[in-house]
Amino acid sequence: MPRNYFRTTLIFLIFSELLSIFAWLLPEFNLAVFLFILAITLILSLKKLEYGILIAWSELIIGSYGYLFSLEYGSTLISVRLGIFMVVMFAWLCHIVKNGGLKSYWLELKTFKFFKYYVALAIILVWGFVWGIVRANDFGNVFLDFNNWLFFLYLLPLITVSKKEIFWPNLKQVALAALTWLIIKTILLLYIFSHQFIWALPEVYQWIRDIRIGEITMMGNNFYRIFLQSQIFALLAFFILLPLNKNKSLIILSLTTVIISFSRSFWLGLTVGFCIYGLYLLLYQRKQILKQISKIVVIAVLSLAIIFVIIILPPKISGDSLGSLISKRATEIEAAGSSRINMLKPLAESIIKHPVIGSGFGATVTYKSVDQRLLATTAGASGEYTTYAFEWAYLDLLLKIGLVGVFVYLLLIFKILQILWQNILNKNDYPPTGDPPSPVRKIPNRKLGDELRIIPLRGIPLHQSGKFQTENWGTDYGLRLGIFLALISLLAVNIFTPYLNHPLGIGFILISSIYAQSFNRHRHL
Numbered sequence: 001m002p003r004n005y006f007r008t009t010l011i012f013l014i015f016s017e018l019l020s021i022f023a024w025l026l027p028e029f030n031l032a033v034f035l036f037i038l039a040i041t042l043i044l045s046l047k048k049l050e051y052g053i054l055i056a057w058s059e060l061i062i063g064s065y066g067y068l069f070s071l072e073y074g075s076t077l078i079s080v081r082l083g084i085f086m087v088v089m090f091a092w093l094c095h096i097v098k099n100g101g102l103k104s105y106w107l108e109l110k111t112f113k114f115f116k117y118y119v120a121l122a123i124i125l126v127w128g129f130v131w132g133i134v135r136a137n138d139f140g141n142v143f144l145d146f147n148n149w150l151f152f153l154y155l156l157p158l159i160t161v162s163k164k165e166i167f168w169p170n171l172k173q174v175a176l177a178a179l180t181w182l183i184i185k186t187i188l189l190l191y192i193f194s195h196q197f198i199w200a201l202p203e204v205y206q207w208i209r210d211i212r213i214g215e216i217t218m219m220g221n222n223f224y225r226i227f228l229q230s231q232i233f234a235l236l237a238f239f240i241l242l243p244l245n246k247n248k249s250l251i252i253l254s255l256t257t258v259i260i261s262f263s264r265s266f267w268l269g270l271t272v273g274f275c276i277y278g279l280y281l282l283l284y285q286r287k288q289i290l291k292q293i294s295k296i297v298v299i300a301v302l303s304l305a306i307i308f309v310i311i312i313l314p315p316k317i318s319g320d321s322l323g324s325l326i327s328k329r330a331t332e333i334e335a336a337g338s339s340r341i342n343m344l345k346p347l348a349e350s351i352i353k354h355p356v357i358g359s360g361f362g363a364t365v366t367y368k369s370v371d372q373r374l375l376a377t378t379a380g381a382s383g384e385y386t387t388y389a390f391e392w393a394y395l396d397l398l399l400k401i402g403l404v405g406v407f408v409y410l411l412l413i414f415k416i417l418q419i420l421w422q423n424i425l426n427k428n429d430y431p432p433t434g435d436p437p438s439p440v441r442k443i444p445n446r447k448l449g450d451e452l453r454i455i456p457l458r459g460i461p462l463h464q465s466g467k468f469q470t471e472n473w474g475t476d477y478g479l480r481l482g483i484f485l486a487l488i489s490l491l492a493v494n495i496f497t498p499y500l501n502h503p504l505g506i507g508f509i510l511i512s513s514i515y516a517q518s519f520n521r522h523r524h525l
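Going by this note's numbering, the sequence shown opens with residue 1, and the numbers climb by one from there.
Written out as structure tokens, the structure is:
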């Protein structure tokens, strides 16, 4: 892969989406592209394991459910995401064998800050799988339910590649390129559907539905809701970038994407994130609070303006304003929302049967749905629907792995947040605003003689000449705060839309824990 990761990734992703449309039209072409992508991923991963991780990360950000390409094996459809996962894990095993074997890696793994929490979670997940089989849950449901959790195995190669300093700048470029394409795709889809391009509408809509990229819903007066599951990364990126005071255009466009999604779950995450950020500013940065609030208001106004421009140029929409549509979306209880409410009682009754240890993966619940798509598939249009997947994500976890499992999972996330928060508040790491960082600092009195010991400021890189580089000073601080806010937002979104048990959410938790470990490893005691 060339050094310009951003440009290369962006071109690759755009080309991949175009190929996905052709692959959807021609099944034989789909198979060829699927195998080609896996072959390229394998070759690059064997050459440099980092490449495989970066490919997996870029697909995750733009691929929603991971079915841009797929392989049909009997009655099973294998996604390109699963194929990339298997290829990268194979390359990682080859890397381990080549570089000292499992014994050497095991010693490295045990130094990982969150190792014991991941081990505890792994035990819980294995228990959920075994317990689901013991309870005679349908094996197909058990496997499909458990399948997403396998994404946590990416932790193993991530620990290996993250030790190289070049990994983080490369990951940043790839993530920004994927985010850029996600934003462009969202805006293009809104424009195409809002302006009724008849030549494209049927095929594009069917392609999006068939490969499970997202949902297109008409909100009225030619305004369309463009919801892509991967838009969660636009929400996370918004909070990560917000405290950095850079990439302002990307911050605005990320918020634009979240608004276009018309997802109340995303809006809840946005609200909770804003509240936590506001509380932080109130307690620790009071002098900055008016400036930051003004910045957020300007960003919101510009985001809404962009949506207006997309819709009205050339003029097409009339009647309800965008503001009334947003209000309608925020308060309207539609069919999906009603079905979600109808699901609560039977779901709670099932949870009570095994509240501590859960009912295992693949456990099902029957409820009455009012979703027109499901009504058409039920006997006599009764709406009685049985499923193992639920949008009440925390209740889904309680049903499958019980209180013990939910506690262990949330404990892992809490520990990541705790490390981030401790480093956000550690003012010894960051000089006062406006002052250049000093190359040395005195250590407070912790034991006799410590006041005379002088060490470099942590987080400020040394140039080969021995001088400190100050051009990126403050970035780590903003990034830690941004990731903290993004994780809180993800926890809020997960109330109504399952992400913590999906590769999209799991991927962000993995990256967050690796990042927290990367700066915690060098902490001076």
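Using N, Cα and C, we set each Cβ at its ideal position, and we do this for glycine too.
As the structure is a prediction and not an experimental result, all values here were calculated from the model.
query                                                                                                           : result
Integer-rounded CB distance, given that L412 should sit under 8 angstroms from Y117                             : 4 angstroms
Under 8 angstroms between C-beta atoms of I14 and T41                                                           : no
Endpoints, beta strand (DSSP E) assigned at K368                                                                : 365–368
Cβ-based burial, F197 [other Cβ within 10 Å; buried from 16]                                                    : exposed
Where Y385 falls: helix, strand or coil (DSSP)                                                                  : strand
Runs of beta strand (DSSP E) lying entirely within the segment 66–133, each at least 3 residues, in chain order : 70–73, 76–79
Selection from A516, G507, S512 that minimises the alpha carbon distance to I55                                 : G507
Option nearest I260 by Cα separation, candidates K291, I293, T217                                               : T217
Limits of the alpha helix (DSSP H) - the one that F390 falls within                                             : First-last for F390: undefined, no H or E at that position.
First through last residue of the alpha helix (DSSP H) which encompasses F12                                    : 5–25
Distance, Q231 Cα to I296 Cα                                                                                    : 20 angstroms
Residue span of the alpha helix (DSSP H) that contains E203, given as start and end                             : 201–210
Residue(s) in a DSSP beta bridge with L228                                                                      : G214
P535 - containing alpha helix (DSSP H), residue span                                                            : Missing from the structure shown is residue 535; the chain here goes from 1 to 525 and no further.
Contact belief for K113 with Q517 at Cβ below 8 angstroms, rounded distance in angstroms                        : 5 angstroms
Inter-residue spacing [alpha-carbon to alpha-carbon] between S194 and I311                                      : 6 angstroms
Per-residue burial, D145 [other beta carbons within 10 Å of its own, 16 or more giving buried]                  : buried
Limits of the unbroken alpha helix (DSSP H) element including S294                                              : 289–312
R286 versus W421 - alpha carbon distance                                                                        : 18 angstroms
Distance between beta carbons of W131 and I351, contact taken as under 8 angstroms                              : Their Cβ separation, rounded to whole angstroms, is 14 angstroms, which puts I351 and W131 out of contact at 8 angstroms.
Rounded distance between the beta-carbons of F151 and P503, thought under 8 angstroms                           : 4 angstroms
Beta-carbon proximity of S64 to L281, cut-off 8 angstroms                                                       : no
Cβ-based burial, P432 [other Cβ within 10 Å; buried from 16]                                                    : In this predicted model, P432 has a pLDDT of only 39, less than 50, meaning its place in the structure is not dependable enough to derive any value.
Alpha-carbon to alpha-carbon, Q173 and G474                                                                     : Because G474 carries a pLDDT of 41, less than 50, the predicted location of this residue cannot be relied on, and the following value inherits that uncertainty. For G474 and Q173, the distance between alpha carbons rounds to 19 angstroms.
Proximity of L479 and L244 at Cβ, strictly below 8 angstroms                                                    : yes
Reference S79; option with closest CA among R135, D210, N137                                                    : D210
Cα-Cα separation, P346 to S369                                                                                  : 12 angstroms
Identity of the residues DSSP links to G220 by a beta bridge                                                    : F223
Exposed unless 16 or more other CB atoms sit within 10 angstroms - verdict on Y73                               : exposed
V356 (DSSP reduced to helix, strand or coil)                                                                    : coil
contact_flag[the segment 476–492, the segment 231–241] where n(CB pairs < 8 angstroms) is 3 or more             : yes
Three-state secondary structure (DSSP) of K400                                                                  : helix
Classification of R7 by the beta-carbon crowding that lies within 10 angstroms, buried from 16 upward           : exposed
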